[in-house]
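Peer 1: Residue numbers (my numbering), protein chains in the order written: chain B, 40 to 513; chain W, 90 to 422. Note that beta-carbon positions come from the ideal geometry of N, C-alpha and C, so glycine has one too.
(1) Should residue 110(B) be flagged as near chain W, meaning a C-beta pair shorter than 7 Å?
(2) Would you tell me roughly how many angstroms separate the C-alpha atoms of residue 302(B) and residue 164(W), rounded to the nearest one?
(3) Does the beta carbon of residue 301(B) sit closer than 7 Å to a beta carbon anywhere in chain W?
(4) Please specify which runs of the alpha helix (DSSP H), each continuous and at least 4 residues long, are wholly inside the stretch 185-236 of chain B, giving them in chain order.
(5) Going straight from the alpha carbon of residue 249(B) to that of residue 79(B), what length do you get?
(6) On the criterion of 16 or more Cβ atoms from any shown chain inside 10 Å, does residue 363(B) qualify as buried, or is it exposed?
(7) Can you tell me which of the three DSSP states residue 370(W) falls into?
(8) Does residue 419(W) get closer than 7 Å to chain B when you measure Cβ to Cβ?
(9) Please report the straight-line C-alpha distance between residue 174(W) and residue 394(W), rounded to a whole angstrom.
(10) For a quick check, are the C-beta atoms of residue 459(B) and residue 177(W) less than 7 Å apart?
(11) Would you mind stating whether residue 98(B) and residue 68(B) have Cβ atoms separated by less than 7 Å?
(12) Along the chain, which unbroken stretches of the alpha helix (DSSP H) at least 4 residues long are found entirely within the stretch 310-380 of chain W?
(13) Would you list, in sequence order, the uninterrupted beta strand (DSSP E) runs of no fewer than 3 residues that lie entirely inside the stretch 443-481 of chain B?
(14) Which partner residues does residue 317(B) have in the DSSP bridge list?
(15) Hey, how far is the Cα of residue 158(W) from the Cα of residue 125(W)?
(16) The alpha helix (DSSP H) with residue 253(B) in it runs from where to where?
(17) Using a cut-off of 7 Å between C-beta atoms, extract the partners of residue 160(B) located in chain W.
(18) Using DSSP's beta-bridge definition, name the partner residues of residue 312(B).
(19) Inspect the beta-carbon positions of residue 190(B) and residue 441(B) and report whether they are closer than 7 Å.
(20) I think residue 276(B) touches residue 392(B), with their Cβ atoms under 8 Å apart; what is that distance to the nearest whole Å?
(21) Rounded to whole angstroms, what is the Cα-Cα separation between residue 500(B) and residue 404(B)?
(22) What residue from 429(B), 427(B), 437(B) has the CA that sits closest to residue 366(B)'s CA?
(23) CB residue 97(W) to CB residue 382(W), shorter than 7 Å?
(24) Quick one: what's got a C-beta closer than 6 Å to residue 402(W)'s C-beta in the same chain, skipping five residues either side?
(25) Considering only residues of the same chain and omitting the five flanking positions on each side of residue 266(B), which have a CB-CB separation below 7 Å?
(26) Between which residues of its own chain and residue 122(B) is the CB-CB distance below 7 Å, once the five residues before and five after are set aside?
(27) Output yes if chain B places a C-beta closer than 7 Å to the C-beta of residue 100(W); else output no.
(28) Are at least three pairs of beta-carbons, each pair with one atom in the stretch 264-272 of chain W and one in the stretch 125-135 of chain W, less than 8 Å apart?
(29) By the 7 Å beta-carbon criterion, what residues does the stretch 367-399 of chain W contribute toward chain B?
(30) If you follow the beta strand (DSSP E) that residue 441(B) is in, where does it begin and where does it stop?
(31) Tell me the rounded alpha-carbon separation between residue 121(W) and residue 143(B).
(32) Would you mind reading off the limits of the alpha helix (DSSP H) that contains residue 119(B)?
(33) Are the stretch 291-305 of chain B and the stretch 339-349 of chain B touching by the rule of at least three beta carbon pairs closer than 8 Å?
(34) Helix, strand or coil for residue 391(B)? Go by DSSP, reduced to three states.
(35) Helix, strand or coil: which one does DSSP assign to residue 78(B)?
(36) When DSSP labels each residue in this structure, what does residue 278(B) get in the three-state scheme?
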């Protein structure tokens, strides 16, 4: 049996880690779909109809799986973190209620028209639907991140007693909801979602381009996959540098507001100045892996780098070490390594973007097989980087569920038994991993079926028969 | 409301906001149960149709709608969290396993139609078809159990009234589903569904009578509420609406039958709310007045809901008018 606190933490971690994949797909696809729909309506070119219809199928599956996995999260605050919900409901419940009414409703209703209604509604309403769906997915992120950013940097509240329990009471809504953390999170998350989808598109586009041009194994409608590769690459060129740039600024904000988290990200135990930034860190022992300490670890450090990062330009700046904080520490190993891998991935994506952009500019995009392979391998890595980023954010603020206000262990439902917690944790492990496998299976099937047949002049690929095993059964 | 500071001192326009939010919460729940209810009903009726084309029609009928319908449950959870945070925390942690049973059923129900359409071989469709039926039957059943336990302040999962109300809600979703499908189909299917509607209606009425009898006999705390004007009126309305539903179904007045089905759902949820008030969490000892969130949060929430809920109804109007009328032969959206 797992104790209720550990069980609830693991269950929330598992359900959010699986769930976030689907909103990342839908939020990242949204701007592409709005663009494809616009171009389809305006130009009537078959390529845009194919892009719209193909990516809408992926979007629809992502949305459905995102809905069913997401509803669980909304109720999990009540089932597993009742003490947190009682304490923080005054501030935390509002954004969730508004998310449902303002964002999720917009998304779910217009999605019906967007997925099923092309033949039923006029161009104008169809375009409105595409925009409404996209807007809905992004507004969802606004409200969820308003709620989350308040937990990271709580403001605008005071402690009060109600029905014999200590609660946080809203006193200044502007301070609470226009939280200083919010813009950092929102920009970092939305850009990451688009970047993840850009990598996904470029990766699967590269697979078919490689198959067709390098292996000379004819692929039907290769023009579609070439376009997919190019759209992905273009979006990557824009998003990859931005992500690292504002990630750096975001880290400085963390230093100011959550020094304990930053110390965990850098594994700095003793307060020090002129702290190096280990851009490459190699664990040379199990000890390094499980209990990393920046001072002892083998790596390539830029002298004063971490100090420079933390202060925005002063290599002599002091970084507060973990030892300065009383009470339990966050699990440093998880935060330290997750942060490092995320940052490394961020730079890898820039390299990919520049490499691909250069080849494209030279007119060699379709021939560079090494680039194709690199892109294929990177197909799911954007999503992995998002997961790692959230691990840094959420594990890094432990032991707090609301920074310096409420510990996670104090937020768990008081009446929850070990048997209940174990049962649902086991259930979710099976169901959510099953869902993930099923989702992957369906997405792969959709990709293998390829773009739908559309009426109009054939694309700029080799001649092919329009009757194929591909069926546009959506 | 020119002075923002006054938002913290008293309720907006002096309105009885706590009671209004109690009403709104149950209104949202009823809207969910009516809209997603017909999706559940379609899922139950899916089991009675063998023909592949007919099954395809049933799925097409709810295809564009079910996701939006289910979001009313999300809004219900969010509204309860925001307006009555202590109730949200107590209720869902107390009915821990039942909540996850509801959520699990909703996962299966939501996933099944999407998966069903992904492949066209018989074994795949047979299994996802079964999953769709099971999810569509268990979700309303568990929701009914939850509602009864909530109302009666039960602290165990399985209770006798819970089972009865669970079955009643399943029957009601079939009544609802028949009314919806008779709007969306033609021909033999539409004719055959009539009998399903009558049977489900009869079962529902019997189960409601049993439930009310239980409340009268075994829940003395609620007995006086049973004879309060609103509850008595809603019980009477249920009988009238049942008559209207049966007559309209017989006379092929599709929209009237659909409206009567909506009325039956709202009446049931109204009866629950009427019996519960002024408590909102009997087992936790919370009333509407003690559980309501503090003034500033409540005023902000009320402003948000007053602006957003009319917009939500507009979205639904646009969606349902875009897909109005029966599904044409061979049409699958």
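Peer 2: Based on what the coordinates show:
(1) The beta carbon of residue 110(B) sits closer than 7 Å to some beta carbon of chain W.
(2) 39 Å
(3) no
(4) Restricted to the stretch 185-236 of chain B, the alpha helix (DSSP H) segments that are unbroken, complete and at least 4 residues in length are 212-216, listed in chain order.
(5) The straight-line gap from Cα to Cα measures roughly 27 Å.
(6) exposed
(7) strand
(8) With a pLDDT of only 49 at residue 419(W), under the threshold of 50, the placement of this residue in the model should not be trusted; the figure read from the coordinates follows. False, the Cβ-Cβ gap to chain B never drops below 7 Å.
(9) Each residue's Cα considered, the two are about 17 Å apart.
(10) no
(11) Yes, they are a contact pair.
(12) Listed in chain order, the complete alpha helix (DSSP H) runs (minimum 4 residues) inside the stretch 310-380 of chain W are 318-339, 343-365, 377-380.
(13) none
(14) 340(B)
(15) 5 Å
(16) Looking at the DSSP string, residue 253(B) is not in any alpha helix (DSSP H), and its letter there is neither H nor E.
(17) 411
(18) 357(B)
(19) yes
(20) With 8 Å as the limit, residue 276(B) and residue 392(B) qualify as a contact, their Cβ atoms being about 5 Å apart.
(21) At residue 500(B), the pLDDT of 44 sits below 50, so the modelled position is not reliable; the number obtained from the coordinates is stated separately. Approximately 15 Å, taken between the alpha carbons.
(22) 437(B)
(23) no
(24) none
(25) 86, 90
(26) For residue 122(B), same chain residues with a beta-carbon under 7 Å away, outside a window of 5 residues either side, are 449, 450, 451, 452, 453 in chain order.
(27) no
(28) yes
(29) 379, 382, 383, 385, 386, 389, 390, 393, 394, 397, 398
(30) 439-441
(31) 14 Å
(32) 85-119 is the span of the alpha helix (DSSP H), which, as asked, contains residue 119(B).
(33) Because the criterion of three Cβ pairs below 8 Å is met, the stretch 291-305 of chain B and the stretch 339-349 of chain B touch.
(34) Shown here, residue 391(B) sits in a helix according to DSSP, grouped into three states.
(35) helix
(36) helix
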